[in-house]
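**Q** Everything in the sequence shown is counted per the numbering used here, starting at 431 for the first residue and increasing by one. The beta-carbon is built from N, C-alpha and C at its ideal position, and this holds for glycine as well.
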Amino acid sequence: MTEDRSTPAFAVDAHGDSPRPSGIPVRMAAARGAARGTAILMVPTAVVLLGLVATGWLELWHGLAAIAAIAGATFVLVRRHYVDLAILRRHLEERSAADNPWAAMADRRGGLSAVGEVGPVADLMLALERADRHTLEWVERSRQRSESRDLVIESIPDPLLLIDPRGRVALANSEARRQFGKQIVGRDLSTVIRHPGILATVRQVLAGEPGGDVEIALAAPVERVFNVRIEALMEPEPDGASALMLFVDLSAIRRTEQMRVDFVANVSHELRTPLATLLGFIETLQGPARDDAEARDRFLEIMRVQGNRMSRLVQDLLSLSRIEISEHKPPSERIDLEPMLNSVKATLDLEARRKDMRVGLEVDATLPQVVGAADELTQVVQNLLDNAIKYGKPGTEITVAARRADRVPASYPGGPSGKAVAIAVRDRGDGIPAEHIPRLTERFYRVDAARSRDLGGTGLGLAIVKHIVSRHRGTLTIHSTPGEGSVFTVYVPVGEPTAPSRDATAA
431 MTEDRSTPAF
441 AVDAHGDSPR
451 PSGIPVRMAA
461 ARGAARGTAI
471 LMVPTAVVLL
481 GLVATGWLEL
491 WHGLAAIAAI
501 AGATFVLVRR
511 HYVDLAILRR
521 HLEERSAADN
531 PWAAMADRRG
541 GLSAVGEVGP
551 VADLMLALER
561 ADRHTLEWVE
571 RSRQRSESRD
581 LVIESIPDPL
591 LLIDPRGRVA
601 LANSEARRQF
611 GKQIVGRDLS
621 TVIRHPGILA
631 TVRQVLAGEP
641 GGDVEIALAA
651 PVERVFNVRI
661 EALMEPEPDG
671 ASALMLFVDL
681 SAIRRTEQMR
691 VDFVANVSHE
701 LRTPLATLLG
711 FIETLQGPAR
721 DDAEARDRFL
731 EIMRVQGNRM
741 SRLVQDLLSL
751 SRIEISEHKP
761 PSERIDLEPM
771 LNSVKATLDL
781 EARRKDMRVG
791 LEVDATLPQV
801 VGAADELTQV
811 VQNLLDNAIK
821 YGKPGTEITV
831 AARRADRVPA
841 SYPGGPSGKA
851 VAIAVRDRGD
861 GIPAEHIPRL
871 TERFYRVDAA
881 RSRDLGGTGL
891 GLAIVKHIVS
901 RHRGTLTIHS
911 TPGEGSVFTV
921 YVPVGEPTAP
931 SRDATAA
């Protein structure tokens, strides 16, 4: 059986109620110490008594008896103090050997109560316990300050890194871990961010020079633009952090600027034709066709079609703008796909029947939830199904299938081991030539511009799909065979089941 080192055994001694050590090692150590102390203290006394014996002032046996009596009394007196010292030593050894030194310091058993409340050792033990109390209070204050600092850092909505003097990441908040990876703490900064401007500025700051701002663009998981503020900390942190890097997201500002440029460049071009058509027919109706009822009705129908086209274009542009502004913030809701897919099918069934087409829905019975925004994923499926109806051959079937993906494409942001649900929309149309497929998700790109306009397309449907899927940290694949049809497949992350709460488990 091993000896319990955490709490010594104590018993009440003959001198009072104070518990004394009952363990053999403590008593033996006290006895050895008391013997050595008695021997040292008895040297002067023995010399004096033996001198008296040598000069005849004292009989030999009287001298020896006096030496023995004084030695015995000294041993008894000294041993009590050595027992207290042995207790104190045992107490300190147990504290140093404890798995949790803070808990050992907070545990008063075996301390002052073991040596009594009077005497030099009691005073020493009292001073040690007072020092323990101050140390624990200091540790607790430091822990609270550290927790407050960590809470503040975690609550910052932008990525933040603390760098140690060797250029390694000492601390990263949740946004930084989401952007750069969960295992970045302890790694060299150059392996996390490979940007010469940032690395040079960090080296300057660690060398004692002033900090500065660096603007960078990161392509993964979605393109984002950051202004990185790099500054030295006034005092090094306990974890060694000496510099701070705060990433301020400028993505929304840059996207807004780009959207304004795109609006002027693209929208003005797309609106020019319908506006010219409307103005031309208005002038005709005001002039030559003023009293021609047949021409008026025909022109008004064309004007209605063109007006609807401009309305759809504006709606798609507004939708695309909203998605792009929030693209860098992925959704976090967990949704069921089957009710959403049934709703989309019911909405577009009438449009499909007008072309003598049938929409088939295939959903796995064990389909898991996905992480996403329900209204945006609804828009994705609506756009893909609407395109399949527009460009599919009359009398054919369109298939919408949802299943857990056995394998994800190389472009999937979650990597080859990522878990995803695949939503595939298959049409039996004319197909798309291979050279057009890489550009299909560009704004206003059309394989057949005239046919697309005749069918009411704005050229923004697949661009909207692409940006929604990008916001969901998914990917879109397109496979097409000319003459046979096309398959558009969207991969979105699986929503992992949440652990049940304790209350739910108990219930």
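1) Is there a C-beta anywhere in chain D that falls below 7 Å from the one on L629?
2) Note the first and the last residue of the continuous alpha helix (DSSP H) segment covering A606.
3) Tell me where the alpha helix (DSSP H) around Y821 begins and ends.
4) Determine the burial state of A492: buried for a count of at least 16 other Cβ atoms within 10 Å of its Cβ, exposed for fewer.
5) For the pair the stretch 759-767 and the stretch 910-921, tell me if three or more CB-CB distances fall below 8 Å.
6) Less than 7 Å between the beta carbons of I853 and A832, yes or no?
7) So what does DSSP say about D779, is it helix, strand or coil?
8) Does the stretch 703-718 touch the stretch 843-852, meaning 3 or more C-beta pairs lie closer than 8 Å?
9) Quick check: the Cα distance between D860 and P868, rounded to an integer number of angstroms?
10) Would you check if the distance between the CB atom of P760 and the CB atom of A803 is smaller than 7 Å?
11) Can you pull the DSSP bridge partners for L601?
12) Does P846 pass the burial test, meaning 16 or more other C-beta atoms within 10 Å, or should it be called exposed?
13) Any idea what DSSP makes of H758, helix, strand or coil?
14) For the stretch 600-612 against the stretch 669-687, are there 3 or more C-beta pairs whose distance is under 8 Å?
15) Do the CB positions of V658 and V644 come within less than 7 Å of each other?
16) From A649, R596, E665 and A647, pick the residue whose C-alpha is nearest to that of Q634; which is it?
17) Residues bridged to H909 by DSSP?
18) Could you give the C-beta distance for V855 and V830, rounded to a whole number, given that I count them as a contact under 8 Å?
19) Are the beta-carbon atoms belonging to A495 and M472 less than 7 Å from one another?
20) Enumerate in chain order the residues of its own chain whose CB-to-CB distance from L870 is below 8 Å, with the five nearest sequence positions on each side excluded.
21) How would you call M458, buried or exposed, if buried means at least 16 neighbouring beta carbons within 10 angstroms?
22) Can you tell me which of the three DSSP states I828 falls into?
23) With three or more beta-carbon pairs closer than 8 Å as the criterion, would you say the stretch 739-754 touches the stretch 714-728?
**A** On the basis of the supplied data:
1) Protein chain content of the structure displayed is limited to a single chain, and chain D is not contained in it.
2) Locating residue 606 in the sequence shown gives position 176, where the first residue counts as 1. Where A606 is concerned, the enclosing alpha helix (DSSP H) stretches over S604 to F610.
3) To locate residue 821, count along the sequence shown from 1; it is residue 391. Unbroken alpha helix (DSSP H) run through Y821: A804 to Y821.
4) Walking along the sequence shown from the start, residue 492 turns up at place 62. Note that residue 492 is His in the sequence shown, not Ala. H492 should be labelled exposed.
5) Remark: fewer than three beta-carbon pairs, one from each stretch, lie closer than 8 Å, so the stretch 759-767 and the stretch 910-921 are not flagged as touching.
6) Here residue 853 corresponds to residue number 423 of the sequence shown, with the count starting at 1. Here residue 832 corresponds to residue number 402 of the sequence shown, with the count starting at 1. Taking 7 Å as the Cβ cut-off, I853 and A832 qualify as a contacting pair.
7) Within the sequence shown, the letter at position 349 stands for residue 779. When DSSP states are grouped into helix, strand and coil, D779 belongs to the helix group.
8) no
9) Along the sequence shown, one-based indexing puts residue 860 at 430. Along the sequence shown, one-based indexing puts residue 868 at 438. Approximately 18 Å between the Cα atoms of the pair.
10) Taking the sequence shown and counting its residues from 1, the one referred to as residue 760 is at position 330. Taking the sequence shown and counting its residues from 1, the one referred to as residue 803 is at position 373. For P760 and A803, no; Cβs fall outside 7 Å.
11) Within the sequence shown, the letter at position 171 stands for residue 601. DSSP, once it has assigned bridges, lists L592 as partnering L601.
12) On the sequence shown, position 416 is the one that residue 846 refers to. Result: exposed.
13) Numbered from 1 along the sequence shown, position 328 holds the residue referred to as residue 758. Looking at H758 - three-state DSSP - the assignment turns out to be coil, as it is neither helix nor strand.
14) yes
15) Working through the sequence shown from its first residue, we reach residue 658 at position 228. Working through the sequence shown from its first residue, we reach residue 644 at position 214. Yes; because the gap between Cβ atoms is below 7 Å, this pair is in contact.
16) Mapped onto the sequence shown, residue 634 falls at position 204. Ranking A649, R596, E665 and A647 by Cα distance to Q634 puts R596 first.
17) For the purposes of this step, residue 909 is taken as residue 479 along the sequence shown, with counting starting at 1. Answer by DSSP bridge pairing, in chain order: V917.
18) The residue you call residue 855 lines up with position 425 of the sequence shown. The residue you call residue 830 lines up with position 400 of the sequence shown. Yes, V855 and V830 are in contact; Cβ-Cβ is about 5 Å, under 8 Å.
19) As a working mapping, residue 495 is identified with position 65 in the sequence shown. As a working mapping, residue 472 is identified with position 42 in the sequence shown. A495 places its beta carbon 7 Å or farther from that of M472.
20) The residue given as residue 870 occupies position 440 in the sequence shown. Excluding sequence neighbours, L870 sits near I862, V877, L892 and I908.
21) Numbered from its first residue, the sequence shown carries residue 458 at position 28. When all chains shown are included, M458 counts as exposed.
22) In the sequence shown, residue 828 corresponds to position 398, counting from 1. Note: I828 maps to strand in three-state DSSP.
23) no
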